[in-house]
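Which chain is which? The protein sequence lines are A and B, in order.
Position one of the first sequence corresponds to residue 2 (this note's numbering), numbered consecutively onward.
Position one of the second sequence corresponds to residue 2 (this note's numbering), numbered consecutively onward.
We put the CB at the ideal spot given by N, CA and C, even for glycine.
All figures in this text were calculated on a predicted structure; none of them were measured in a lab.
There are 2 protein chains.
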Amino acid sequence: MPVPRPIDWTPTRAVRILDQTLLPDTERYLDLDTVDAVAEAIRTLRVRGAPLIGIAAAMGLTLVSREGPATLEAVCAASRTLGATRPTAVNLRWALERMERRAADAAAAGDDLVPALRAEATAIWDEDRAMCERIGRFGAELIGGDALVLTHCNAGALATGGIGTALAPVYALHDAGRRVAVVADETRPLLQGSRLTAWELSRAGVPVTVIADGMAASRLRLGDVTCVIVGADRIAANGDVANKIGTYGVALAARAHGVPFYVAAPSSTVDPATPDGARIPIEERAAWEVAGWRGHQAAPAEAQVWNPAFDVTPAALVTAIITDRGVFAPRDVAGAG
Amino acid sequence: MPVPRPIDWTPTRAVRILDQTLLPDTERYLDLDTVDAVAEAIRTLRVRGAPLIGIAAAMGLTLVSREGPATLEAVCAASRTLGATRPTAVNLRWALERMERRAADAAAAGDDLVPALRAEATAIWDEDRAMCERIGRFGAELIGGDALVLTHCNAGALATGGIGTALAPVYALHDAGRRVAVVADETRPLLQGSRLTAWELSRAGVPVTVIADGMAASRLRLGDVTCVIVGADRIAANGDVANKIGTYGVALAARAHGVPFYVAAPSSTVDPATPDGARIPIEERAAWEVAGWRGHQAAPAEAQVWNPAFDVTPAALVTAIITDRGVFAPRDVAGAG
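Here's what the structure looks like:
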């Protein structure tokens, strides 16, 4: 069974996306043929995951010609529209700047912009897919055999243009015929673990067991988990890792039970300008995410909520960082960036 | 503002309960005037929490006279009905056996059974209330001043006939005019933290902040939490503590950040017959609790679920155990039982 593909070109070169807000109940693909439709899909989290957002924006920019002449001016206006959807996503800005440069080069050479934009978007996607494959290969070598992998949140195919980052070693082992299974933290408040990780692994034929986040420590104590693998939103120069809230508690439990704790991420996630985790700003999100789920209230209205989106796992708790440039000890990770 | 009262006698000596399944959205009290109605309320978790279940069953048994003569035979039949509602609840069986003995004594003396049963049920309730008060006093002395307390699950007024166990020191400090606030883990899968703990504290005027379970480690790292207090379902002779799933991960995080980790429980929770935590059987519950959220599906149907209801925190991670007989080091707790 293939790994699900959250983005694609349609036969007419529009952008086809899997609407991730409907998962796991409904697998609905949307064909988007305007820049605004792609922007809306990114804004409303139909497309999510930092690498995938960059790819979707790049592909979306190629649609500029559907509403008028594809001038450099129109490309830059469309890029601003797409760039405003998720202002904090680094990959989004990086991909759009790359697209604008390519458009400017084509314009300077007197070439048609649209084929150049399509080539660049496809290149961005291809490079991301190759990055995932390399992480998968390095991670599979590191694990070296059958495995039960515990993960948190979704750093899988649904977050990238390929086989994911944290889940890439899982898919690589599965493809190599190893017996590999996953324990997925459900990952409150937004449940990316139960909704997305469990769905994509099931679709790919990888056995998956969902647990509530508070069960991870007990599961690690059981002794059947080979290793933990999580993604990363930013890695500081000293190897401290910012990732989805809940990761740090898993790292503490892994250390308590001697289970290796791996971080898998593109080398571009390493930020040499951030010396350590204390300098990573942590976004606080809306109270309703914790007070309820999908519009169903749990906490009383009088209660306060604290809802940090990320936490920082200190380098000392990280066994190794798996990147597309190889496997690094946390203290050496600046060399990967 | 008073601490909510989840059980009471009605003016006509029926049993009034707060329907906890409707919290926090709806505060509805039900007047139950048959044994079967009380049994149904226990079975469907309208009444929950080990001490409160015992009290509710004892009070429910007094209703036996409403459907026929209150013979010893009728009392024993009603006791079997009530005892079958939650077969694993120790307090339930203990309370019903005590009620049957009182009925037998009254029958032997030729007395009317119903006044005897009412007196015994009231005594069970009064003793539980006094037990909560003592835990509150010992815990408040231990903490000694203003406090931010992190707790997991609900071991509060809604679980007992008084001011709770884990929350008793909070209410005692609040009553004494101390500035006390609570950080409540939402406690997946059944959300007793956000639904019940946050509700009862809000009603009593104690500020409460709800967090997802995966946020506890980050919150303990922040440095503003004075101590963790949790309840216990069973305490082994060596001081290992079984409590709601997720407690163990909180204990690991508290240790990592030097935050005191207290367990508050009636001395009857200490089981001298259980030498250590490894001998405590852990109930596994239904998959839907984790796969969904208040009846709304989150995980795909293909995913497996692991849903242990409790975990074991080793004595080495417990700073002290607060009981109605005083505060004990975990290794000395057998002396409390």
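Checklist entry - Measuring CB to CB, does P315 of chain A end up less than 7 Å from I246 of chain A? => result On the first sequence, residue 315 of chain A is found 314 positions in, with the first residue counted as 1. On the first sequence, residue 246 of chain A is found 245 positions in, with the first residue counted as 1. Contact: no.
Next on the checklist: Can you pull the chain A neighbours of H297 of chain B, defined as C-beta to C-beta under 8 Å?
Outcome noted: Counting from 1 along the second sequence, the entry for residue 297 of chain B is found at position 296. Listed along chain A are W294, R295, H297, each with a C-beta nearer than 8 Å to that of H297 of chain B.
Checklist entry - When you check each C-beta in the segment 242-256 of chain A against every C-beta of chain B, which residues fall closer than 7 Å? => result Contact residues of the segment 242-256 of chain A toward chain B are I246, G247, Y249, G250, L253, A254 (C-beta to C-beta distance below 7 Å).
Item to check | Unbroken alpha helix (DSSP H) run spanning L318 of chain A, endpoints | outcome: What you label residue 318 of chain A is simply residue 317 of the first sequence in a count that begins at 1. If you look at L318 of chain A, you'll find it isn't in any alpha helix (DSSP H); DSSP assigns it neither H nor E.
Checklist entry - chain A partners of T210 of chain B, CB-CB under 9 Å? => result Mapped onto the second sequence, residue 210 of chain B falls at position 209. Listed along chain A are A304, Q305, V306, W307, each with a C-beta nearer than 9 Å to that of T210 of chain B.
Item to check | Delimiting residues of the alpha helix (DSSP H) encompassing D127 of chain A | outcome: Looking up residue 127 of chain A in the first sequence gives position 126. Bounds of the alpha helix (DSSP H) holding D127 of chain A are 114-144.
Next on the checklist: Below 8 Å on C-beta distance, what does S80 of chain B contact in chain A?
Outcome noted: In the second sequence, the residue the question calls residue 80 of chain B occupies position 79. Within chain A, no C-beta atom comes less than 8 Å from the C-beta of S80 of chain B; the nearest is roughly 35 Å away.
Next on the checklist: Can you check whether the C-beta of D312 of chain A is within less than 7 Å of a C-beta belonging to chain B?
Outcome noted: Indexing the first sequence from 1 puts residue 312 of chain A at position 311. Interface residue (Cβ-Cβ distance to chain B less than 7 Å): D312 of chain A is classified as such.
Checklist entry - Where does R17 of chain B sit, in a helix, a strand or coil, going by DSSP? => result Here the question's residue 17 of chain B lines up with position 16 in the second sequence. DSSP places R17 of chain B within a strand segment (E or B) once states are collapsed to three.
Checklist entry - Can you tell me whether T27 of chain A is buried or exposed, with buried defined as 16 or more other CB within 10 angstroms of its CB? => result Position 26 of the first sequence, counting from 1, holds the residue named residue 27 of chain A. T27 of chain A counts as exposed, since fewer than 16 other beta carbons sit within 10 angstroms of its beta carbon.
Checklist entry - Since C228 of chain A sits in a beta bridge, which residues does DSSP pair it with? => result Translated into the one-based positions of the first sequence, residue 228 of chain A becomes position 227. Per the DSSP secondary-structure output, C228 of chain A pairs in a beta bridge with A:V150.
Checklist entry - Quick one: is D214 of chain A near chain B, going by C-beta distance under 7 Å? => result Stepping through the first sequence from its first residue, residue 214 of chain A is reached at position 213. Taking 7 Å as the threshold, the shortest C-beta distance from D214 of chain A to chain B falls below it.
Next on the checklist: Does any residue of chain B have a CB that is nearer than 7 Å to the CB of A300 of chain A?
Outcome noted: Working through the first sequence from its first residue, we reach residue 300 of chain A at position 299. True, the Cβ-Cβ gap to chain B drops below 7 Å.
Checklist entry - chain B beta carbons: is any one of them nearer than 7 Å to that of R196 of chain A? => result Locating residue 196 of chain A in the first sequence gives position 195, where the first residue counts as 1. So yes, R196 of chain A belongs to the interface.
Item to check | alpha helix (DSSP H) segment containing D37 of chain A, residue limits | outcome: Mapped onto the first sequence, residue 37 of chain A falls at position 36. Bounds of the alpha helix (DSSP H) holding D37 of chain A are 36-44.
Checklist entry - Hey, G278 of chain A and V231 of chain A are a contact pair by Cβ (cut 8 Å); roughly how many whole angstroms apart? => result To locate residue 278 of chain A, count along the first sequence from 1; it is residue 277. To locate residue 231 of chain A, count along the first sequence from 1; it is residue 230. Contact flag wrong, Cβ pair sits at about 14 Å.
Item to check | Buried/exposed call for P190 of chain A, threshold 16 Cβ in 10 Å | outcome: Position 189 of the first sequence holds residue 190 of chain A. Note on P190 of chain A: 16 or more other CB atoms within 10 angstroms of its CB, so buried under the neighbour-count rule.
Item to check | The alpha helix (DSSP H) enclosing I54 of chain B, as first and last residue numbers | outcome: Walking along the second sequence from the start, residue 54 of chain B turns up at place 53. Segment 51-62, the alpha helix (DSSP H) holding I54 of chain B.
Checklist entry - From V76 of chain A to A213 of chain A, what distance separates their C-alpha atoms? => result Along the first sequence, read from residue 1 onward, the residue named residue 76 of chain A stands at position 75. Along the first sequence, read from residue 1 onward, the residue named residue 213 of chain A stands at position 212. Each residue's alpha carbon lies about 45 Å from the other.
Checklist entry - To which residues does DSSP link V181 of chain A through a beta bridge? => result Within the first sequence, the letter at position 180 stands for residue 181 of chain A. In the DSSP secondary-structure assignment, V181 of chain A is bridged to A:A148.
Checklist entry - Cβ of T166 of chain A within 7 Å of Cβ of D129 of chain A? => result By one-based count along the first sequence, residue 166 of chain A stands at place 165. By one-based count along the first sequence, residue 129 of chain A stands at place 128. The Cβ atoms of T166 of chain A and D129 of chain A lie no closer than 7 Å to each other.
Checklist entry - Any beta-carbon of chain A closer than 7 Å to the one on A199 of chain B? => result Along the second sequence, one-based indexing puts residue 199 of chain B at 198. At least one beta carbon of chain A lies nearer than 7 Å to the beta carbon of A199 of chain B.
Next on the checklist: In the DSSP output, what is P309 of chain B paired with across the bridge?
Outcome noted: As a first step, residue 309 of chain B must be located in the second sequence, where it is residue number 308. P309 of chain B is bridged to B:E285.
Checklist entry - Taking R196 of chain B as the reference, which of B:M216, B:R295, B:A335 has the closest Cα? => result Against the second sequence, residue 196 of chain B aligns to sequence position 195. When each option's Cα is compared against that of R196 of chain B, the closest is B:R295.
Checklist entry - Whose C-alpha, out of B:L149, B:A148, B:A169, B:V150, is nearest the C-alpha of A156 of chain B? => result The residue given as residue 156 of chain B occupies position 155 in the second sequence. Taking only the C-alpha atoms, the option nearest A156 of chain B is B:A169.
Item to check | CB contact check: S269 of chain B to chain A, cutoff 7 Å | outcome: Counting from one through the second sequence, the residue named residue 269 of chain B turns up at place 268. It does not: the Cβ of S269 of chain B has no partner Cβ on chain A nearer than 7 Å.
Next on the checklist: Which residue wins for smallest C-alpha separation from Y263 of chain B, given the options B:E41, B:I144, B:T72, B:L64?
Outcome noted: By 1-based counting over the second sequence, the position of residue 263 of chain B is 262. Cα-wise, what sits closest to Y263 of chain B is B:I144.
Checklist entry - Looking only at its own chain, which residues have a Cβ that is under 7 Å from the Cβ of T227 of chain A, when we skip the five neighbours before and after it? => result Counting from one through the first sequence, the residue named residue 227 of chain A turns up at place 226. Exclusion of the five residues before and after T227 of chain A leaves I144, A148, L149, V150 as the residues of its chain whose Cβ lies within less than 7 Å of its Cβ.
Checklist entry - Which residue's Cα is closest to the Cα of Y30 of chain A: A:R67, A:A15, A:A141, A:R44? => result Residue mapping note: residue 30 of chain A aligns to position 29 of the first sequence, counting from 1. The residue with the shortest Cα to Cα distance from Y30 of chain A is A:A15.
Checklist entry - Should P331 of chain A and G240 of chain A be called a contact, given that it needs their Cβ atoms to be closer than 7 Å? => result Along the first sequence, read from residue 1 onward, the residue named residue 331 of chain A stands at position 330. Along the first sequence, read from residue 1 onward, the residue named residue 240 of chain A stands at position 239. Yes, these two residues count as a Cβ contact at 7 Å.
Next on the checklist: Tell me which residue opens and which closes the beta strand (DSSP E) that L31 of chain A is part of.
Outcome noted: Here residue 31 of chain A refers to the residue found at position 30 when the first sequence is read from its first residue. Counting along the chain, the beta strand (DSSP E) containing L31 of chain A begins and ends at 30-33.
Item to check | Cβ neighbour criterion (16 or more within 10 Å) applied to H297 of chain A | outcome: On the first sequence, residue 297 of chain A is found 296 positions in, with the first residue counted as 1. With fewer than 16 other Cβ atoms within 10 Å, it is exposed.
Item to check | Whole-angstrom distance between A131 of chain B and G163 of chain B, CA atom to CA atom | outcome: Your numbering for residue 163 of chain B matches position 162 in the second sequence. Your numbering for residue 131 of chain B matches position 130 in the second sequence. So the two alpha carbons sit approximately 7 Å from each other.
Checklist entry - Excluding sequence positions up to five away, which residues of its chain have a Cβ less than 7 Å from the Cβ of G84 of chain B? => result Position 83 of the second sequence, counted from the start, is the residue given in the question as residue 84 of chain B. These residues qualify, in order along the chain: L93, R94, L97.
Item to check | Partners in chain B for D26 of chain A, counting only beta-carbon separations shorter than 7 Å | outcome: For the purposes of this step, residue 26 of chain A is identified with residue 25 of the first sequence, where counting begins at 1. Within 7 Å Cβ-Cβ: Q298.
Item to check | According to DSSP, residues forming a beta bridge with A265 of chain A | outcome: Residue mapping note: residue 265 of chain A aligns to position 264 of the first sequence, counting from 1. The partner list for A265 of chain A (beta bridge, DSSP) reads A:I323.
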